[in-house]
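Protein chains in written order, with this note's numbering: chain A, 1 to 178; chain B, 1001 to 1178; chain C, 2001 to 2178; chain D, 3001 to 3178.
Protein chains: 4
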Amino acid sequence: MPQLYVPILLGTGREGRQSEKVARFVLAQAKAAGLDAELFDVRDYGSAVTIPSWEKNPCAKQWQTAVKQADALIMVIPEYNHSFPGEFKILLDSLFKEYVKKPVGLCAVSSGAFGGARMAEQLMPVFNYLQMVWVGPPVYFPKIKELFDEDGNIKDDSFLEKLKKLFADLRWYSAKLK
Amino acid sequence: MPQLYVPILLGTGREGRQSEKVARFVLAQAKAAGLDAELFDVRDYGSAVTIPSWEKNPCAKQWQTAVKQADALIMVIPEYNHSFPGEFKILLDSLFKEYVKKPVGLCAVSSGAFGGARMAEQLMPVFNYLQMVWVGPPVYFPKIKELFDEDGNIKDDSFLEKLKKLFADLRWYSAKLK
Amino acid sequence: MPQLYVPILLGTGREGRQSEKVARFVLAQAKAAGLDAELFDVRDYGSAVTIPSWEKNPCAKQWQTAVKQADALIMVIPEYNHSFPGEFKILLDSLFKEYVKKPVGLCAVSSGAFGGARMAEQLMPVFNYLQMVWVGPPVYFPKIKELFDEDGNIKDDSFLEKLKKLFADLRWYSAKLK
Amino acid sequence: MPQLYVPILLGTGREGRQSEKVARFVLAQAKAAGLDAELFDVRDYGSAVTIPSWEKNPCAKQWQTAVKQADALIMVIPEYNHSFPGEFKILLDSLFKEYVKKPVGLCAVSSGAFGGARMAEQLMPVFNYLQMVWVGPPVYFPKIKELFDEDGNIKDDSFLEKLKKLFADLRWYSAKLK
């Protein structure tokens, strides 16, 4: 039986993470099964992925205050590999009850033709679980590299109308859900 | 019309990000529409969310080498808010062509009863897009806080069999796809 | 080059379907490329999958009236192969604007341990697109074959509390969104 | 407390369905909680949604034979409300072990600009669970009503190249996984 090289990635850097137990268990079993297994830890990839526990993290406080006071939220998120950027998820996950019943609108961005549509689908279960109220449809910004001129002005005026509708819908839900 | 406080979150910290143009456009339109809008940037939340562009990032090199050489991959990922941790996505997104045709198995972890099943569903389109070959089903580790004893030994021996099956399937796909 | 047998499935039975053009185009190209391709059509699989266009379909009227008048909706849906039953989607798709701003609660059912959790995640983008207001979390009914006694009484009283919470939340959203 | 009219939809027509117990339980509890609840059953919406159990269903035999013999599969599926048509899911669900390790390609269709991209994302977990091997990316057919001329000829020749790539990839996986 040829030896297979199998990297095992531990995909959380959170303090108190329980998944480390699983990773060590899988590593031991993989070696026992004759695999050339090696453990990789997201914590080892620079400070970018060392996540303090939220209770002690001062950098999440400002976001917490903003969400608490918010009448509604707008998220501007690009699509990377059919989903959202990790740095967005880290900040999102720093809060929980603050999101409850906040209306949320999405501006989805992509360099391709689909405007971040797949990322939007992935966010919906996350936002629903956090009990935000989805105010759709998203405003999709496709082919983003061609959409703005050098001064940052949008070349397609139809986005003005799309945003007006989003703002009006956020107002409506915010007023109703108070 | 009452003034609504609407935080606008720019959800990417990547160098050369295009979404900043969208965020600034949305901010200006929101203010023009009478909203009390304020821009938040994931870059402002500590080094945890300042992402260098991948080309210049030394910390991604080791992962790149491992994935290039890998016969198969195993990911150990917990579910946070129905999806994966952001720090995992940051590292995952640092590579692209290295993943092509690599068989991948998932060990999904949760403190609840569903063992990370929802996170697994979200990873599938991402892995498919990266052209990894999904080797399923995932091994689900539910109620993780009760699953291991104090010495890190798993209390439920059925997981030994589940891992054996996963390893065998990874071997099969690795051999076939070479 | 060996000849490959490749069934091509046309996956819609709707009147006026446009996908038939694509299926015929793909079939012709596949044959031209030397594949032993054969077209299969969901319409050929019995009346179960011959779908009249909704405008002319009398059987959708009763559901339409109910949804129009509804203050809230409850869906009881099992999970088949990580998603919802097709017969549910057919009926759901028969309406559109009637769903707008209706609060919707989900009772998810499965024979396994996860209670239909993956099906629930798939429904969220669909319900969001239809502009229903998601009232969560779903009530998950796992291991359904063991959950009721022979007289149809539930064996686990915790579901009474879960339903009470769902009903209260539906009431709250229904009152607010009127 | 105002009486709320709440339709409860039983979303499966399968013989031996267990979800009916849940629907009856929810109905009784909803009435006990003072809701004006009414049960709707997908079985009542015409033969389109009365699903025989698969064991006894003759109409699934031909599809079963085809999938068993298939070297690869191509699915041509439009997007309805961000997901797939129900009639497709009914036929798909009629088989199980026949799909294992079959390479599958997707031609996704939509009348809008996104070419069925969201439907494709929803199919991935379903296909993965059925242990088909995803051969991507899908060929997306957006703006379908404008894509073919009156004789059924495609107006955009780039689709010829996209299909050639899909066929080649299906050949590659089919050869490898034998």
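For glycine and all other residues, C-beta sits at the position ideal for the given N, C-alpha and C. From a predicted model like this one, the values you see are computed outputs, not experimental measurements.
Just confirm the distance between the C-beta atoms of residue i and residue j, as a whole number of angstroms; I'd bet it's less than 8 Å.
i, j, result
"Val1139(B)", "Leu1163(B)", "6 Å"
"Phe1148(B)", "Lys21(A)", "5 Å"
"Arg3043(D)", "Gly3013(D)", "5 Å"
"Asn1081(B)", "Leu130(A)", "6 Å"
"Phe3088(D)", "Gly2011(C)", "3 Å"
"Pro78(A)", "Ser1019(B)", "5 Å"
May I have the straight-line CA-CA distance separating residue i from residue j, to the nearest angstrom?
i, j, result
"Met75(A)", "Val100(A)", "16 Å"
"Leu2039(C)", "Val3126(D)", "22 Å"
"Asp3169(D)", "Glu2121(C)", "30 Å"
"Asp3157(D)", "Glu3150(D)", "16 Å"
"Glu2015(C)", "Asp2036(C)", "28 Å"
"Ser1111(B)", "Ala2117(C)", "15 Å"
"Trp3172(D)", "Arg3017(D)", "40 Å"
"Gln2029(C)", "Asn2128(C)", "37 Å"
"Glu3161(D)", "Val2006(C)", "18 Å"
"Thr65(A)", "Gly3034(D)", "39 Å"
"Ser47(A)", "Lys2165(C)", "For Ser47(A), the predicted model reports a pLDDT of 44, less than 50, meaning its position is unreliable and no value from the coordinates is stated."
Taking the Cβ atom as the reference point for each residue, do residue i and residue j lie within a distance shorter than 9 Å?
i, j, result
"Ala1113(B)", "Lys1143(B)", "yes"
"Met3119(D)", "Met1124(B)", "no"
"Trp1063(B)", "Leu1106(B)", "no"
"Val3135(D)", "Pro3103(D)", "yes"
"Tyr3045(D)", "Ala2060(C)", "yes"
"Gly1152(B)", "Phe141(A)", "no"
"Ser83(A)", "Ser1094(B)", "no"
Out of the options, state which residue places its alpha-carbon closest to the alpha-carbon of residue i.
i, options, result
"Ala72(A)", "Leu1004(B), Val1135(B), Gln1064(B)", "Leu1004(B)"
"Asp41(A)", "Gln69(A), Ile8(A), Lys61(A)", "Ile8(A)"
"Glu2146(C)", "Arg2171(C), Gln2069(C), Gly2115(C), Leu2095(C)", "Gly2115(C)"
"Ala3175(D)", "Leu3160(D), Arg3017(D), Val3133(D)", "Val3133(D)"
"Lys1097(B)", "Gln1069(B), Tyr1173(B), Gln1029(B)", "Gln1069(B)"
"Ala1108(B)", "Asn1128(B), Phe1159(B), Ala1033(B)", "Phe1159(B)"
Indicate the three-state DSSP secondary structure (helix, strand or coil) for residue i in the structure shown.
i, result
"Val133(A)", "strand"
"Tyr2173(C)", "helix"
"Phe1025(B)", "helix"
"Arg1043(B)", "helix"
"Ser2110(C)", "coil"
"Cys2084(C)", "The question names Cys, but residue 2084(C) is Phe in the sequence shown. In the structure shown, Phe2084(C) sits in coil (DSSP, three-state: anything other than H, G, I, E or B)."
"Pro3125(D)", "helix"
"Val1076(B)", "strand"
"Val1067(B)", "helix"
"Phe3096(D)", "coil"
"Glu3161(D)", "helix"
"Ala37(A)", "strand"
"Leu166(A)", "helix"
"Arg3014(D)", "strand"
"Leu91(A)", "helix"
"Val3049(D)", "Caution is warranted here: a pLDDT of 48 is assigned to Val3049(D), below 50, making its placement in the model unreliable, and no coordinate value can be reported."
Along chain E, in chain order, which residues have C-beta atoms closer than 7 Å to that of residue i?
i, result
"Asn3128(D)", "Annotation note: the requested chain E is absent from the structure, which comprises protein chains A, B, C and D."
Using a Cβ-based criterion (distance less than 8 Å to any ligand heavy atom), does residue i qualify as near the ligand COA?
i, result
"Met3124(D)", "Absence of the ligand COA is noted for the structure shown, with no ligands found whatsoever."
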